[in-house]
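**Student:** The structure that follows is given in the form of C-alpha coordinates.
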Amino acid sequence: MRYGGYTSCVALAHDDNAPPALVLDSGTGIRRLSELWAGAAFSGTILLTHLHWDRHGLPFFAAGDREGSRVSVLVPEQPAGALAADVLARGMSPPHFPIGPGALRGEWTFSSLSPGTSEMEGFTVEAVEIPHKGGRTYGYRVSDDHSVLTYMPDHCPTVVGTGPDGWGEYHTEALVLAKDADALVHDAQMTSEELASAVGFGHAVAEYAVELGGLAGARRVVLFHHKPDRTDNDLDELPERFRFRTAGRRRGRIVGARAVNGAR
563 MRYGGYTSCV ALAHDDNAPP ALVLDSGTGI RRLSELWAGA AFSGTILLTH LHWDRHGLPF
623 FAAGDREGSR VSVLVPEQPA GALAADVLAR GMSPPHFPIG PGALRGEWTF SSLSPGTSEM
683 EGFTVEAVEI PHKGGRTYGY RVSDDHSVLT YMPDHCPTVV GTGPDGWGEY HTEALVLAKD
743 ADALVHDAQM TSEELASAVG FGHAVAEYAV ELGGLAGARR VVLFHHKPDR TDNDLDELPE
803 RFRFRTAGRR RGRIVGARAV NGAR
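Counting with the working numbering, you get residues 563 to 826 for the letters of the sequence shown.
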(Lines of atoms letter the chains of each structure in order from A and count residues from 1; the text may use other names and numbers.)
(Lines give C-alpha, C1' and ligand atoms only; values in the text may rest on other atoms or scores of the structure.)
Protein backbone atom coordinates (compact mmCIF):
# COMPACT_ATOMS: atom_id res chain seq x y z
CA MET A 1 0.00 0.00 0.00
CA ARG A 2 2.87 2.40 0.71
CA TYR A 3 5.52 1.29 -1.76
CA GLY A 4 3.26 0.32 -4.64
CA GLY A 5 3.20 -2.80 -6.77
CA TYR A 6 4.18 -1.22 -10.07
CA THR A 7 6.93 -2.37 -12.39
CA SER A 8 9.73 0.00 -13.34
CA CYS A 9 8.93 3.52 -14.52
CA VAL A 10 10.83 6.64 -13.40
CA ALA A 11 10.00 10.15 -14.63
CA LEU A 12 12.61 12.94 -14.70
CA ALA A 13 11.96 16.67 -14.81
CA HIS A 14 14.48 19.52 -14.74
CA ASP A 15 12.73 21.17 -11.80
CA ASP A 16 9.56 20.93 -9.73
CA ASN A 17 7.73 23.44 -11.93
CA ALA A 18 8.15 21.51 -15.18
CA PRO A 19 6.41 18.28 -16.23
CA PRO A 20 8.70 15.27 -16.75
CA ALA A 21 10.25 15.19 -20.20
CA LEU A 22 12.27 11.97 -19.91
CA VAL A 23 10.80 8.64 -18.76
CA LEU A 24 13.02 5.70 -17.87
CA ASP A 25 11.25 2.41 -18.65
CA SER A 26 7.57 1.85 -19.31
CA GLY A 27 6.46 -0.68 -16.73
CA THR A 28 3.01 -0.65 -15.13
CA GLY A 29 3.95 2.51 -13.21
CA ILE A 30 3.38 4.40 -16.45
CA ARG A 31 -0.38 4.21 -15.78
CA ARG A 32 0.05 6.58 -12.81
CA LEU A 33 2.40 8.82 -14.74
CA SER A 34 -0.46 10.33 -16.76
CA GLU A 35 -1.76 11.99 -13.57
CA LEU A 36 1.14 14.46 -13.76
CA TRP A 37 -0.28 15.95 -16.99
CA ALA A 38 -3.84 16.36 -15.68
CA GLY A 39 -5.41 15.42 -19.00
CA ALA A 40 -2.84 17.11 -21.24
CA ALA A 41 -0.79 15.30 -23.88
CA PHE A 42 2.74 14.09 -23.14
CA SER A 43 5.67 15.46 -25.08
CA GLY A 44 8.99 13.76 -24.46
CA THR A 45 11.12 10.63 -24.64
CA ILE A 46 10.69 7.16 -23.15
CA LEU A 47 13.97 5.32 -22.73
CA LEU A 48 13.88 1.55 -22.16
CA THR A 49 16.67 -0.36 -20.43
CA HIS A 50 15.62 -3.67 -22.02
CA LEU A 51 12.59 -5.44 -23.45
CA HIS A 52 11.36 -7.90 -20.82
CA TRP A 53 7.62 -8.23 -20.20
CA ASP A 54 7.64 -6.00 -17.13
CA ARG A 55 8.47 -3.00 -19.36
CA HIS A 56 5.54 -3.35 -21.78
CA GLY A 57 3.24 -0.67 -20.37
CA LEU A 58 3.26 1.69 -23.36
CA PRO A 59 -0.38 1.17 -24.41
CA PHE A 60 -1.53 2.08 -20.88
CA PHE A 61 0.13 5.52 -20.94
CA ALA A 62 -2.96 7.68 -21.41
CA ALA A 63 -1.04 10.96 -21.68
CA GLY A 64 0.91 9.49 -24.60
CA ASP A 65 -1.95 7.65 -26.30
CA ARG A 66 -3.94 10.76 -27.26
CA GLU A 67 -4.08 13.29 -30.06
CA GLY A 68 -1.43 15.96 -29.77
CA SER A 69 1.15 13.85 -28.01
CA ARG A 70 4.78 13.57 -29.12
CA VAL A 71 6.44 10.39 -27.89
CA SER A 72 9.90 9.18 -28.85
CA VAL A 73 10.61 5.62 -27.69
CA LEU A 74 14.22 4.43 -27.63
CA VAL A 75 15.20 0.80 -27.06
CA PRO A 76 18.64 -0.81 -26.84
CA GLU A 77 20.09 -1.58 -30.23
CA GLN A 78 19.48 -5.25 -30.91
CA PRO A 79 22.44 -7.50 -31.81
CA ALA A 80 20.60 -8.88 -34.86
CA GLY A 81 19.70 -5.37 -36.05
CA ALA A 82 15.94 -5.75 -35.55
CA LEU A 83 13.93 -2.54 -35.82
CA ALA A 84 12.65 -1.07 -32.56
CA ALA A 85 8.98 -1.09 -33.63
CA ASP A 86 9.25 -4.71 -34.77
CA VAL A 87 10.78 -5.82 -31.47
CA LEU A 88 8.12 -4.03 -29.43
CA ALA A 89 5.39 -5.52 -31.64
CA ARG A 90 6.40 -9.03 -30.61
CA GLY A 91 4.75 -8.39 -27.27
CA MET A 92 2.28 -5.70 -28.29
CA SER A 93 0.23 -7.13 -31.15
CA PRO A 94 -2.43 -9.82 -31.67
CA PRO A 95 -2.86 -12.40 -30.27
CA HIS A 96 -1.08 -11.04 -27.18
CA PHE A 97 -2.57 -7.55 -27.38
CA PRO A 98 -5.33 -6.06 -29.55
CA ILE A 99 -3.21 -3.35 -31.24
CA GLY A 100 0.38 -2.85 -32.27
CA PRO A 101 2.69 0.11 -31.54
CA GLY A 102 1.66 1.83 -34.76
CA ALA A 103 -1.96 2.13 -33.61
CA LEU A 104 -1.20 4.41 -30.65
CA ARG A 105 -2.67 7.88 -31.05
CA GLY A 106 -0.48 10.95 -31.35
CA GLU A 107 2.95 11.21 -32.94
CA TRP A 108 5.02 8.19 -31.89
CA THR A 109 8.49 7.26 -33.15
CA PHE A 110 10.40 4.10 -32.31
CA SER A 111 14.19 4.00 -32.61
CA SER A 112 17.20 1.98 -31.52
CA LEU A 113 19.88 3.43 -29.26
CA SER A 114 23.55 2.51 -29.51
CA PRO A 115 25.86 2.58 -26.48
CA GLY A 116 27.38 6.02 -25.99
CA THR A 117 26.35 9.55 -25.09
CA SER A 118 23.27 11.32 -26.47
CA GLU A 119 21.40 14.55 -25.83
CA MET A 120 17.64 14.26 -25.28
CA GLU A 121 15.00 16.50 -23.72
CA GLY A 122 17.68 18.77 -22.25
CA PHE A 123 19.48 15.87 -20.56
CA THR A 124 22.79 14.22 -21.36
CA VAL A 125 22.31 10.45 -21.36
CA GLU A 126 25.15 7.95 -21.30
CA ALA A 127 24.07 4.42 -22.25
CA VAL A 128 26.30 1.50 -21.24
CA GLU A 129 25.56 -2.19 -21.74
CA ILE A 130 25.47 -4.07 -18.43
CA PRO A 131 24.97 -7.77 -17.64
CA HIS A 132 21.42 -8.96 -17.08
CA LYS A 133 19.78 -12.09 -18.46
CA GLY A 134 17.81 -12.77 -21.60
CA GLY A 135 18.45 -9.82 -23.87
CA ARG A 136 20.58 -6.73 -24.25
CA THR A 137 20.30 -4.40 -21.25
CA TYR A 138 21.55 -0.86 -20.70
CA GLY A 139 22.31 1.14 -17.62
CA TYR A 140 21.88 4.91 -17.95
CA ARG A 141 23.68 7.90 -16.50
CA VAL A 142 21.43 10.95 -16.87
CA SER A 143 22.66 14.47 -16.13
CA ASP A 144 21.85 18.13 -16.64
CA ASP A 145 23.51 21.25 -15.28
CA HIS A 146 22.21 20.42 -11.80
CA SER A 147 22.24 16.70 -11.01
CA VAL A 148 23.43 13.24 -12.02
CA LEU A 149 21.24 10.14 -11.74
CA THR A 150 22.43 6.62 -12.45
CA TYR A 151 19.74 4.09 -13.35
CA MET A 152 20.50 0.36 -13.28
CA PRO A 153 17.20 -1.32 -12.38
CA ASP A 154 18.10 -4.72 -13.84
CA HIS A 155 21.70 -5.79 -13.26
CA CYS A 156 23.22 -9.23 -12.73
CA PRO A 157 26.88 -8.65 -11.73
CA THR A 158 27.43 -12.34 -10.93
CA VAL A 159 27.51 -12.94 -14.70
CA VAL A 160 31.00 -11.41 -14.81
CA GLY A 161 32.28 -13.03 -11.61
CA THR A 162 31.54 -13.54 -7.94
CA GLY A 163 33.49 -10.45 -6.87
CA PRO A 164 35.22 -9.94 -3.51
CA ASP A 165 32.03 -10.40 -1.47
CA GLY A 166 30.39 -13.17 -3.49
CA TRP A 167 27.62 -10.78 -4.58
CA GLY A 168 29.01 -10.09 -8.05
CA GLU A 169 31.88 -8.23 -9.64
CA TYR A 170 32.17 -4.45 -9.25
CA HIS A 171 32.93 -4.18 -12.93
CA THR A 172 34.09 -1.12 -14.84
CA GLU A 173 30.78 -0.41 -16.56
CA ALA A 174 28.87 -0.22 -13.27
CA LEU A 175 31.53 1.91 -11.58
CA VAL A 176 31.71 4.36 -14.48
CA LEU A 177 27.93 4.79 -14.58
CA ALA A 178 27.66 5.33 -10.81
CA LYS A 179 30.73 7.51 -10.21
CA ASP A 180 29.86 10.49 -7.96
CA ALA A 181 26.17 10.27 -8.87
CA ASP A 182 23.70 12.28 -6.83
CA ALA A 183 21.44 9.22 -6.86
CA LEU A 184 22.14 5.61 -7.83
CA VAL A 185 18.88 3.80 -8.58
CA HIS A 186 19.91 0.16 -8.53
CA ASP A 187 18.49 -3.35 -8.71
CA ALA A 188 18.06 -4.71 -5.17
CA GLN A 189 15.58 -7.51 -5.75
CA MET A 190 17.39 -9.97 -3.49
CA THR A 191 19.29 -9.98 -0.22
CA SER A 192 22.56 -11.82 0.17
CA GLU A 193 20.74 -14.62 2.02
CA GLU A 194 18.52 -15.17 -1.02
CA LEU A 195 21.26 -15.15 -3.64
CA ALA A 196 21.99 -18.89 -3.67
CA SER A 197 18.39 -19.81 -4.48
CA ALA A 198 17.88 -17.01 -7.04
CA VAL A 199 21.30 -16.58 -8.65
CA GLY A 200 19.90 -17.47 -12.09
CA PHE A 201 17.14 -14.84 -12.03
CA GLY A 202 19.31 -12.07 -13.49
CA HIS A 203 19.17 -9.61 -10.59
CA ALA A 204 21.38 -8.14 -7.86
CA VAL A 205 21.39 -8.22 -4.07
CA ALA A 206 20.80 -5.11 -2.02
CA GLU A 207 24.24 -5.47 -0.42
CA TYR A 208 25.84 -5.16 -3.85
CA ALA A 209 23.90 -1.98 -4.61
CA VAL A 210 25.01 -0.38 -1.34
CA GLU A 211 28.63 -1.41 -1.78
CA LEU A 212 28.70 -0.22 -5.39
CA GLY A 213 27.36 3.13 -4.24
CA GLY A 214 30.13 3.38 -1.68
CA LEU A 215 32.86 2.42 -4.11
CA ALA A 216 31.57 4.88 -6.72
CA GLY A 217 30.98 7.74 -4.29
CA ALA A 218 27.23 8.01 -4.94
CA ARG A 219 25.49 10.45 -2.60
CA ARG A 220 22.30 8.40 -2.39
CA VAL A 221 21.52 4.75 -3.14
CA VAL A 222 17.92 4.02 -4.07
CA LEU A 223 17.08 0.32 -3.68
CA PHE A 224 14.85 -0.56 -6.63
CA HIS A 225 13.05 -3.40 -8.45
CA HIS A 226 11.78 -4.90 -5.21
CA LYS A 227 11.05 -8.59 -4.87
CA PRO A 228 7.31 -8.92 -5.54
CA ASP A 229 6.41 -10.58 -2.24
CA ARG A 230 8.12 -8.01 0.00
CA THR A 231 5.69 -6.33 2.38
CA ASP A 232 5.77 -2.63 3.23
CA ASN A 233 7.35 -3.53 6.57
CA ASP A 234 10.02 -5.61 4.80
CA LEU A 235 10.87 -2.64 2.61
CA ASP A 236 10.96 -0.28 5.59
CA GLU A 237 13.52 -2.55 7.23
CA LEU A 238 15.72 -3.16 4.19
CA PRO A 239 17.62 0.20 4.24
CA GLU A 240 17.96 -0.07 8.02
CA ARG A 241 20.15 -3.16 7.79
CA PHE A 242 22.85 -1.03 6.13
CA ARG A 243 22.72 1.98 8.41
CA PHE A 244 25.87 1.06 10.36
CA ARG A 245 27.73 -0.85 7.63
CA THR A 246 30.42 1.66 6.84
CA ALA A 247 33.41 -0.68 6.43
CA GLY A 248 35.65 2.39 6.58
CA ARG A 249 34.06 3.89 3.48
CA ARG A 250 31.81 6.91 3.15
CA ARG A 251 28.21 5.91 2.50
CA GLY A 252 25.52 7.95 0.89
CA ARG A 253 21.97 7.90 2.15
CA ILE A 254 20.20 4.57 1.52
CA VAL A 255 16.47 4.55 0.75
CA GLY A 256 13.89 2.20 -0.72
CA ALA A 257 12.17 3.33 -3.91
CA ARG A 258 8.42 3.84 -3.73
CA ALA A 259 5.68 5.45 -5.79
CA VAL A 260 5.01 9.00 -4.62
CA ASN A 261 2.76 11.55 -6.37
CA GLY A 262 1.93 9.19 -9.17
CA ALA A 263 4.85 7.28 -10.71
CA ARG A 264 7.38 10.05 -10.10
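Idealized CB from N, CA, C, for every residue including glycine.
1. Whose CA, out of L620, A625 and A642, lies closest to the CA of V635?
2. Across the segment 677-685 and the segment 640-658, are there enough close Cβ pairs to call them in contact, namely three or more that are closer than 8 Å?
3. Which residues does DSSP pair with L586 in a beta bridge?
4. Quick one: what does DSSP say Y565 is sitting in, helix, strand or coil?
5. Whole angstroms are fine: how far does the CA of H694 sit from the CA of R593?
6. In terms of residue numbering, what span does the beta strand (DSSP E) encompassing A689 cover?
7. Which value, in whole angstroms, describes the spacing of the CA atoms of Y565 and R820?
8. Which residues bound the beta strand (DSSP E) around A760?
9. Taking the CB atoms as reference points, tell me whether I816 and G779 lie closer together than 9 Å.
10. Can you tell me whether T671 is buried or exposed? The criterion is at least 16 other CB atoms within 10 Å of its CB, across all chains shown.
11. Report the three-state DSSP secondary structure of T699 (helix, strand or coil).
12. So, are the CB atoms of A603 and G630 less than 9 Å apart?
**Tutor:** The relevant details are as follows:
1. Out of L620, A625 and A642, L620 has the C-alpha closest to the C-alpha of V635.
2. Too few Cβ pairs lie closer than 8 Å, so no.
3. The secondary-structure analysis by DSSP pairs L586 across a beta bridge with V572 and L609.
4. Of the three classes helix, strand and coil, the one that applies to Y565 here is coil, per DSSP.
5. 26 Å
6. F685 to E691
7. 4 Å
8. Unbroken run through A760 is the alpha helix (DSSP H), L757 to A760; no beta strand (DSSP E).
9. No, the Cβ-Cβ distance between I816 and G779 is not below 9 Å.
10. exposed
11. Note: T699 maps to coil in three-state DSSP.
12. yes
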